[in-house]
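Undergrad: Residue numbers (the working numbering), protein chains in the order written: chain A, 8 to 248; chain B, 1035 to 1355. Once you've had a glance at the structure underneath, I'll fire off some questions.
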Amino acid sequence: MIELENLKIEFDQKSILKNVDLKTDEDITILGINGSGKSTLAKAICGVLSYSGTIKINGKNIQTTPPKELAKEISYIPAKLENADNFITVSEFVLLGRFVYKENFFAYSEDDKTKVDKALKLFNIEYLKEHPLNSLSSGESALVLMAQALCSDTKTIIFDEPTANLDPKNSKTIALHIKKLKKTKQIILITHDLHLAKFIQNEVIFIKDKKLLHYKKEFFNDKILKKLYGVEFNSMVLKYD
Amino acid sequence: MIKSTFIIISLGILILSPFFGAISLDIDDILTLDSISNNVFFSLRVPRVIFAFFAGGILALCGLLYQTLFRNPLMTPYTLGISSGAVLGAGIGIKLGLGILLFGFTFVGLFSFVGAIFSIFLLLYLAKFLNSSSNNTLLLLGIALSLFYSSALMVVFYTGSPIQNDTLIRFTMGSLSILGYKEPLMLGFMWVLLVSVVFAYRYELQIINISSEFATLKGVDVKKITTVLLFISSLAIAMLVSISGPIGFVGLVVPHIVSKIYSTTINHKILKTTFFGGVFLVFCDTISRVIQTQSELPIGIVTAFLGGPFFVYLIILKEQK
């Protein structure tokens, strides 16, 4: 469940969102043109950007919830991982998803490590286990990031442009995984990939002029798309089914 | 293979170091009470080696810590102006009362401790006005303060007498000459405290090392942990600098060497870096005792002579790739 009340976000002294209200526990896809504030909104929801107004995740106000509790509610999967650690391996990295469940000052438990193995198996990337994280291809790291998010056991997962760096085949793999995750998690998908958005079939929120336009159904028709994006659409082809 | 050789050599250095120095020891006499060899060995050499081991460990660990927290491979506590603050404090202490003791501590030691602590608090206070995410600004602030302290030190030099200035110059070069076990005990306590706290936060540091935004997303209270670690490490550095003066290069070179030998994440490098930092300084100190000029060679000069070229080599090696 995500609740936004009178949300206002400024970034670099530029107003991004104004007087935004939303309350939903549906899966949603957030669309919008470049710079409309999709990622900014996502990051604010995850508690890494400042804002005014109220944001609640599963009933918890994120400003008053300690980071550790918040990370149990929501995971954020970036399009690309900025990683400064040259030595961390895939399994060590996925294990970080269990950090919030680890007892303070102690090592990760065997149970945590079993969860990592399971997650790697689920995404068919066990063979990457001992590989350095920095050596992965975009397709591989997308799967690793998903495995980590799954290990965090959060009710809500935000995907921030999951297919932005991927070829069609890898995009399809990711799309199928996201669709599977929809059964158990609340998925928030941010993307420019309309094929993906159409395939995932979430309610759509389009960010325009600092406001959220909520489309519960009937988003993917050429007229609406033309109005929002300002270019001609010719009956989008569905690739992933 | 390389790793075990390294450890054996290190243990050899630690054990053999007390046997080397300006006064050659009579091995048979070391265990004879009240002999010169016995006195030199147990009241000078052994405490000095212990002190050097703790000092090197603190310097190396703080180097590793700062390089991680500030995401800058050239970062050491000295870069933030803590040592300049300590030296300025020492300078004022020397000017006000050279040789005066207060509660068993020298005026110089007390003032440099206060100088280091003051520079840390000033830095942390000014950091409150910064955007919390920009660590580079903090670095810039540290450098600015450092330059300011150095200029203030020039004033102390300008107005000082030749004797005062000579003492001050020697302090800035660093020295590990101590007598007895008071300093090793004090620093040992600090060492235990620092290593325990850093080790307790090893997994948080592992996540922070990826990126601080990522760490926040994973539930790490980055700001709190940074403040705690910065405070405790600065305290350790302040105590060390007030006793031995600034000793450069250990915090820079040792973490890089350990990273080269052990290709692993920071949580596995905390104890290793501390250990090898200690060994490195004991080794440098042994050299400074063996090479005799008019008196022993200041330790800061030895670490710079060994560490400097090695560091240049590391940088060139890295850029070649």
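The beta-carbon is built from N, C-alpha and C at its ideal position, and this holds for glycine as well.
Comparing alpha-carbon positions, which option in B/1037, B/1104, B/1221 lies nearest residue 1171 of chain B?
TA: It is B/1104.
Undergrad: With the cut-off set at 9 Å, would you say residue 167 of chain A and residue 197 of chain A are in Cβ contact?
TA: Against a cut-off of 9 Å, the Cβ pair of residue 197 of chain A and residue 167 of chain A comes out as a contact.
Undergrad: Measuring alpha carbon to alpha carbon, tell me which of B/1308, B/1251, B/1204, B/1206 ends up nearest residue 152 of chain A.
TA: Cα-wise, what sits closest to residue 152 of chain A is B/1251.
Undergrad: Any chance the segment 139-149 of chain A sits against the segment 111-127 of chain A, with 3 or more Cβ pairs inside 8 Å?
TA: Verdict: no, contact absent.
Undergrad: For residue 1243 of chain B, go through chain A and note every residue whose CB falls closer than 7 Å to its CB, in chain order.
TA: Those within 7 Å of residue 1243 of chain B in chain A are 91, 92.
Undergrad: Does DSSP put residue 60 of chain A in a helix, in a strand, or in coil?
TA: Residue 60 of chain A falls in the strand class under three-state DSSP.
Undergrad: Quick check on DSSP: helix, strand or coil for residue 177 of chain A?
TA: Helix at residue 177 of chain A.
Undergrad: Any C-beta of chain B sitting closer than 9 Å to the C-beta of residue 4 of chain A?
TA: Limits of chain A in this structure are 8 at one end and 248 at the other, which puts residue 4 of chain A out of reach.
Undergrad: In terms of residues, what are the limits of the alpha helix (DSSP H) holding residue 1071 of chain B?
TA: Residues 1070-1073.
Undergrad: Quick one: list the residues of chain A neighbouring residue 1298 of chain B, beta-carbon separation under 7 Å, in chain order.
TA: Within chain A, the residues near residue 1298 of chain B are 94.
Undergrad: Mind checking who residue 96 of chain A pairs with in its DSSP beta bridge?
TA: DSSP lists A/139 as partners of residue 96 of chain A.
Undergrad: In whole angstroms, what separates the C-alpha of residue 1292 of chain B from that of residue 1240 of chain B?
TA: Rounded to the nearest angstrom, the two C-alpha atoms are 16 Å apart.
Undergrad: Are residue 1189 of chain B and residue 1202 of chain B closer than 9 Å when you measure CB to CB?
TA: Cβ atoms of residue 1189 of chain B and residue 1202 of chain B: not closer than 9 Å.
Undergrad: Measuring only the C-alpha atoms, how far is residue 1114 of chain B from residue 1218 of chain B?
TA: Each residue's alpha carbon lies about 25 Å from the other.
Undergrad: Buried or exposed, going by whether 16 or more other CB atoms sit within 10 Å of the CB of residue 13 of chain A?
TA: Classification for residue 13 of chain A: exposed.
Undergrad: DSSP three-state call for residue 155 of chain A: helix, strand or coil?
TA: Residue 155 of chain A falls in the helix class under three-state DSSP.
Undergrad: Taking residue 53 of chain A as the query, report the chain B residues whose CB atoms sit under 7 Å from its CB, ordered along the chain.
TA: The contacting residues are 1251.
Undergrad: Determine whether the Cβ of residue 144 of chain A lies closer than 9 Å to any Cβ atom of chain B.
TA: So no, residue 144 of chain A is outside the interface.
Undergrad: Note down, in chain order, every chain B residue with its Cβ under 9 Å from the Cβ of residue 162 of chain A.
TA: Here the premise fails: no neighbours, minimum Cβ distance about 15 Å.
Undergrad: I want to verify the contact list: residues of chain B whose CB lies under 9 Å from the CB of residue 49 of chain A, in sequence order.
TA: The premise fails here: residue 49 of chain A is roughly 11 Å from chain B at the closest Cβ pair, so nothing lies under 9 Å.
Undergrad: Leaving aside the five residues before and after residue 26 of chain A along the sequence, list all residues of the same chain whose C-beta is less than 7 Å from its C-beta, in chain order.
TA: The answer, listed in chain order, is 13, 15.
Undergrad: How big is the Cα-Cα spacing for residue 1109 of chain B and residue 1285 of chain B?
TA: For residue 1109 of chain B and residue 1285 of chain B, the distance between alpha carbons rounds to 8 Å.
Undergrad: Give the residues from the segment 187-214 of chain A that approach chain B closer than 8 Å (Cβ to any Cβ), ordered along the chain.
TA: Answer in chain order: no residues at all.
Undergrad: Can you tell me which of the three DSSP states residue 1106 of chain B falls into?
TA: DSSP places residue 1106 of chain B in coil when its eight states are reduced to three.
Undergrad: Taking 8 Å as the cut-off, is the CB of residue 1277 of chain B close to at least one heavy atom of the ligand PLP?
TA: What this structure holds is no ligand at all, so the ligand PLP is not there to describe.
Undergrad: Give the straight-line distance between the Cα atoms of residue 1247 of chain B and residue 69 of chain A, rounded to the nearest whole angstrom.
TA: Straight-line Cα distance between these residues: approximately 16 Å.
Undergrad: Along the chain, where does the alpha helix (DSSP H) containing residue 1199 of chain B start, and where does it finish?
TA: Start and end: 1196-1207.
Undergrad: If residue 1121 of chain B sits next to residue 1280 of chain B, beta carbons under 8 Å apart, how far is it from one beta carbon to the other, in whole angstroms?
TA: Yes, residue 1121 of chain B and residue 1280 of chain B are in contact; Cβ-Cβ is about 6 Å, under 8 Å.
Undergrad: Can you name the residues that DSSP bridges to residue 10 of chain A?
TA: According to DSSP, which records beta bridges pairwise, residue 10 of chain A is partnered with A/30, A/63.
Undergrad: Report yes if the C-beta distance between residue 1094 of chain B and residue 1310 of chain B is below 9 Å; otherwise report no.
TA: Cβ atoms of residue 1094 of chain B and residue 1310 of chain B: closer than 9 Å.
Undergrad: Just curious, the alpha helix (DSSP H) that residue 1319 of chain B is in, first and last residue?
TA: That run of the alpha helix (DSSP H) goes 1304-1324.
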